[in-house]
Amino acid sequence: MELRHLRTFEAVARTLSMTGAARELHYAQSSVSDQVQALERELGVELVDRSQRRIRLTAQGEVLASYTGRILGLLEEARTAVVRPAPELALGALETLSRHLLPGVLASYHARHPETRVRVSQSNRGELHGAVRRGELDLCLTFGTPPNVPPNVPLNVPPGIPPNTPPNAGPDAPGLRAETLAEEPLVVIVPPGHRLATRGRADLAELAAEPFLATQRGCGFREMYDTAFGSTSTDAATATATATATATTTVAAAVGPEPVAEVDSIDTLGACVAAGMGCALLPLLAVRHRADRGEVAVVEVGDAELRTAITMTWLERSPANPALTGFQDAIRRQLSTRPSDLLTS
Numbered sequence: 006m007e008l009r010h011l012r013t014f015e016a017v018a019r020t021l022s023m024t025g026a027a028r029e030l031h032y033a034q035s036s037v038s039d040q041v042q043a044l045e046r047e048l049g050v051e052l053v054d055r056s057q058r059r060i061r062l063t064a065q066g067e068v069l070a071s072y073t074g075r076i077l078g079l080l081e082e083a084r085t086a087v088v089r090p091a092p093e094l095a096l097g098a099l100e101t102l103s104r105h106l107l108p109g110v111l112a113s114y115h116a117r118h119p120e121t122r123v124r125v126s127q128s129n130r131g132e133l134h135g136a137v138r139r140g141e142l143d144l145c146l147t148f149g150t151p152p153n154v155p156p157n158v159p160l161n162v163p164p165g166i167p168p169n170t171p172p173n174a175g176p177d178a179p180g181l182r183a184e185t186l187a188e189e190p191l192v193v194i195v196p197p198g199h200r201l202a203t204r205g206r207a208d209l210a211e212l213a214a215e216p217f218l219a220t221q222r223g224c225g226f227r228e229m230y231d232t233a234f235g236s237t238s239t240d241a242a243t244a245t246a247t248a249t250a251t252a253t254t255t256v257a258a259a260v261g262p263e264p265v266a267e268v269d270s271i272d273t274l275g276a277c278v279a280a281g282m283g284c285a286l287l288p289l290l291a292v293r294h295r296a297d298r299g300e301v302a303v304v305e306v307g308d309a310e311l312r313t314a315i316t317m318t319w320l321e322r323s324p325a326n327p328a329l330t331g332f333q334d335a336i337r338r339q340l341s342t343r344p345s346d347l348l349t350s
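Dropping the structure here:
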């Protein structure tokens, strides 16, 4: 079907007048009649009943009329998306992702979309998901299980979901869609002079005997700590199972040893470790810069595979937004083609 025939039929169906449609579209009346007849020949049905003085739609014409408005509306939406990109993109991210992941992605995105004004804000995971749900943010980046995955559902990647999981929506986060972009190792950082600094590897039980610093309860990083070290009083098999639990596992089910200090800022936590106050369990992305400068030493967990997901969440009901889809393409592209650069540097 030709679009010009659909446009002409839509005008005829709306005005129920060949003359009115011709006047609106600036066609001759004979041209309007010819285009409707061409559409009827192509479909093999009569769309307009011409037996009366005033035309009316046939049953088949009513069906087609119910589609033409949507078809032409989608066409106009696509044209707007292509020729007039949204001027602003509101992003939210955890402090760590905002500092160590976003800069490279934003630089790549800006090179392709220089006309888009980007606004970035930082908050905790719950606040970010709420802001997306309220439409205050177009998209947010967090660690851990996406908001649509119910708590206490065991997954095979701690505390996230397998890579390349398609976008999805679930009952406990209506309207939200989420996608796991990558997995990030969880590591322990120790002061440079610590006895484990030169070994670079230790089991959970040995690490649990060390003094640890952590964020406050309710924070995703604290859940990672409690999930990992809440298993140290059990056998190794149970420890591995616990290590592969989700980040939203309730604290009552897994509570790590009481930390020697609780801090809100990941940067402050790293500085306290560097000063010799204790150890910390964090995503490698959050600590690699300090390790590269020699401020802390990285210790891998030897008897449990600890990882967390980097998750992208956006509002499912949002209209087509080329600024949003362009950013999603940019971050997927960078995380799939240069994972080592972004996740370990």
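All residue numbers for the sequence shown refer to this note's numbering, where the first residue is 6 and numbers rise by one. We put the beta carbon where it would ideally sit given N, CA and C, even for glycine.
| query | result |
| --- | --- |
| Given Gln339 as reference, the closest of Arg9, Gly74, Leu107 once Cα atoms are compared | Leu107 |
| Distance between Thr73 and Gly97 (C-alpha atoms, nearest Å) | 38 Å |
| Nearest candidate by alpha-carbon position, reference Gln333, set Ala64, Cys145, Leu218 | Cys145 |
| Residues of its chain near Gln221, where Cβ-Cβ distance is below 7 Å and the 5 sequence neighbours each way are ignored | Arg227, Glu267, Asp269 |
| Given Met23 as reference, the closest of Asp54, Glu47, Glu7 once Cα atoms are compared | Asp54 |
| Below-8 Å beta-carbon distance, Gly140 vs any chain D residue | Structure shown: chain D not included; a single protein chain is present. |
| Sheet register partners of Asp269 (DSSP bridge) | DSSP lists no partner for Asp269. |
| Reduced DSSP category for Glu51 - H, G, I as helix; E, B as strand; rest coil | coil |
| Backbone secondary structure at Tyr58 - three-state DSSP | Contrary to the premise, residue 58 reads as Arg rather than Tyr in this sequence. Of the three classes helix, strand and coil, the one that applies to Arg58 here is coil, per DSSP. |
| Environment of Gln2 [buried if 16+ CB atoms lie within 10 Å] | The displayed coordinates of the chain run from 6 to 350. Any statement about residue 2 would go beyond what the structure contains. |
| Backbone CA spacing between Ala258 and Ala183 [nearest angstrom] | The pLDDT assigned to Ala258 is 46, lower than 50, so where the model puts this residue is not dependable; a value taken from the coordinates is nonetheless given after this. About 25 Å. |
| Simplified DSSP assignment, three categories, for Glu305 | strand |
| Short Cβ contact (8 Å threshold) for Leu289 with Arg138 | no |
| Cβ-Cβ separation, Leu212 to Val265 (assumed contact under 8 Å), whole Å | Contact flag wrong, Cβ pair sits at about 14 Å. |
| Pair within 8 Å by beta-carbon distance, Gly149 and Thr313 | yes |
| Short Cβ contact (8 Å threshold) for Glu93 with Arg117 | no |
| Beta-carbon contacts of Ala246 that lie in its chain and below 7 Å, excluding the five residues immediately before and after | The predicted model places Ala246 with a pLDDT of 34, which falls under 50 and marks its position as unreliable, so this point remains unresolved. |
| Span of the beta strand (DSSP E) around Gln127 | 122-127 |
| Alpha helix (DSSP H) segment containing Met229, residue limits | 225-234 |
| Length of the line joining the Cα atoms of Ala207 and Val195 | 12 Å |
| Identity of the residues DSSP links to Val195 by a beta bridge | Ala302 |
| Range of the contiguous alpha helix (DSSP H) that encloses Glu93 | Looking at the DSSP string, Glu93 is not in any alpha helix (DSSP H); the run it does join, the beta strand (DSSP E), is 93-98. |
| Residues bridged to Ile315 (per DSSP) | Phe148, Ala187 |
| Distance between Gly135 and Thr63 (C-alpha atoms, nearest Å) | 49 Å |
| Whether Val192 touches Val301 by CB criterion (8 Å) | no |
| Distance between Asp231 and Ser126 (C-alpha atoms, nearest Å) | 27 Å |
| The region 73-82 / the region 34-41 touching (three or more Cβ pairs under 8 Å) | no |
| Neighbourhood of Pro197 by C-beta distance below 8 Å, restricted to the same chain and skipping five residues each side | Ala279, Gly299, Glu300, Val301, Ala302 |
| Expected contact under 8 Å - CB spacing of Ile315 and Leu133 to nearest Å | 13 Å between Cβ atoms; not a contact. |
| Nearest-angstrom Cα separation, counted from Glu82 out to His10 | 19 Å |
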